[in-house]
Structures are given as C-alpha cells and as structure tokens.
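K.L.:
According to numbering that gives the first Met the number 0, the sequence shown holds residues 0 to 164 in order. Each residue gets a CB set at the ideal place from its N, CA and C atoms; glycine is no exception. Bear in mind the structure is a predicted one, so any value in this text is a computation, not a measurement.
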Amino acid sequence: MKRFTRAAAMAALMFSAPVWAQKIAVLSVEEALLTSSAAGSFREELKKEFADDEKQLVALEKQARELRDKLQKNAGLASEEDIKQMRLQFQKAFAEYQRQGQAMQQQRAEREQAFIAEMRPRLDKAIREIIEKEKFDIVISKQATVFSADSVDLTSRVTELLNKQ
Numbered sequence: 000m001k002r003f004t005r006a007a008a009m010a011a012l013m014f015s016a017p018v019w020a021q022k023i024a025v026l027s028v029e030e031a032l033l034t035s036s037a038a039g040s041f042r043e044e045l046k047k048e049f050a051d052d053e054k055q056l057v058a059l060e061k062q063a064r065e066l067r068d069k070l071q072k073n074a075g076l077a078s079e080e081d082i083k084q085m086r087l088q089f090q091k092a093f094a095e096y097q098r099q100g101q102a103m104q105q106q107r108a109e110r111e112q113a114f115i116a117e118m119r120p121r122l123d124k125a126i127r128e129i130i131e132k133e134k135f136d137i138v139i140s141k142q143a144t145v146f147s148a149d150s151v152d153l154t155s156r157v158t159e160l161l162n163k164q
C-alpha cells in the first residue's frame, strides 16, 4: 500500500508539473554555441592552425599507401629479404601516420574543450538573461523533446545574444 501511495503521488507530481509552469521553452545549448559567430571564428582559426599538420598527415598517408602498393605489387617478384624490408618500411610509415593522426585529433579536441570552457560563462549568461527577461518557468533540453513548436525554441535567441556579447 505504501508503494502504491508513493507511485500515485509521483505520478500526480509528474503530470501536474506542466500545470504549475506557465511558460515553457526548449533550448539546444550545443546548437546555440556551435552556430554562434565566435564558434565560426574558432573553426577558421583551428583550420589555419592545423593546416600544416593536416598537409603533413596527407603526405604520410600517401607515403604509406605507396609503400603498401609497392609491397603488394612486388610480393611474388622480390626476395624474402626485400619483402621483409618493404613490409618494415610500410609498418613504420603507417605507424607514424597513425601516431601523428591521433596526436592531431587529441590537440584539436583539447582546443575545442578550451573553447567550450571559455564560452561557457558567456553562454550561461545569455541563457540566464533570456530566462529572467521573459520569465520562463521551465527550459527543457531540445534533445529531450519529441516535438516542440518553433515559438518555444530559445536556441536562435541565445545565439543572437551570444553574438552581441
């Protein structure tokens, strides 16, 4: 009986919460941040910053591919020692390609995390400002909704406010 009472109370609370809330909105925090002008500038900066590394990575990939092709082409023609040398060269080139690719991915991820950490206070301020100004009772993550009308979506307003800051 105790469990039934608790379950009934929880159900009543869950279904009556929207009645208490007068103004409800949805927000995609990630979308608001990623569509901001600061994020666009950051992407361009990141592209320039990693351009040389990406060129070097493409060159390593090409080198590894050429060594692999050479190994496959000469597999039946070359001596066992030559094949062993070619295989070793390919493995070294491929390992270097993978190492540099992973290092670049890690550096990029670190820069992206630093950008998000830098932007978080501005994003929180913009969100709070809109919530307080328009007196929203509940703001739900857009990803948690099945459907929401565009009129209750705060994402573009948050992006606009971020761009003004």
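Near T158, what residues of its chain come up, given a Cβ to Cβ distance below 7 Å and the 5 sequence neighbours on each side ignored?
P.N.:
These residues qualify, in order along the chain: A31, T34 and S35.
K.L.:
Take the Cβ of V25 as the centre, count every other Cβ of all protein chains shown within 10 Å, and call the residue buried at 16 or more, exposed below.
P.N.:
With 16 or more Cβ atoms within 10 Å of its Cβ, V25 is classed as buried.
K.L.:
Provide the residue(s) that pair with D152 in DSSP beta bridges, ordered along the chain.
P.N.:
Bridge partners of D152: V25.
K.L.:
Looking only at C-alpha atoms, which of L153, V138, M118 and S155 sits nearest to F41?
P.N.:
Comparing Cα positions, the closest option is M118.
K.L.:
Applying the criterion that 16 or more other CB atoms from any shown protein chain within 10 Å of the CB defines a buried residue, is K141 buried or exposed?
P.N.:
Buried, because 16 or more other Cβ atoms sit within 10 Å of the Cβ of K141.
K.L.:
At what residues does the alpha helix (DSSP H) containing S35 begin and finish?
P.N.:
Here S35 belongs to no alpha helix (DSSP H), and DSSP marks it neither H nor E.
K.L.:
One question on the structure: do Y96 and L122 come within less than 7 Å of each other, judged by their Cβ atoms?
P.N.:
Not a contact, by the Cβ cut-off of 7 Å.
K.L.:
What's the gap between the Cα of K75 and the Cα of K61?
P.N.:
The sequence given here has Gly at residue 75, not Lys. Distance between the alpha carbons of G75 and K61 is about 23 Å.
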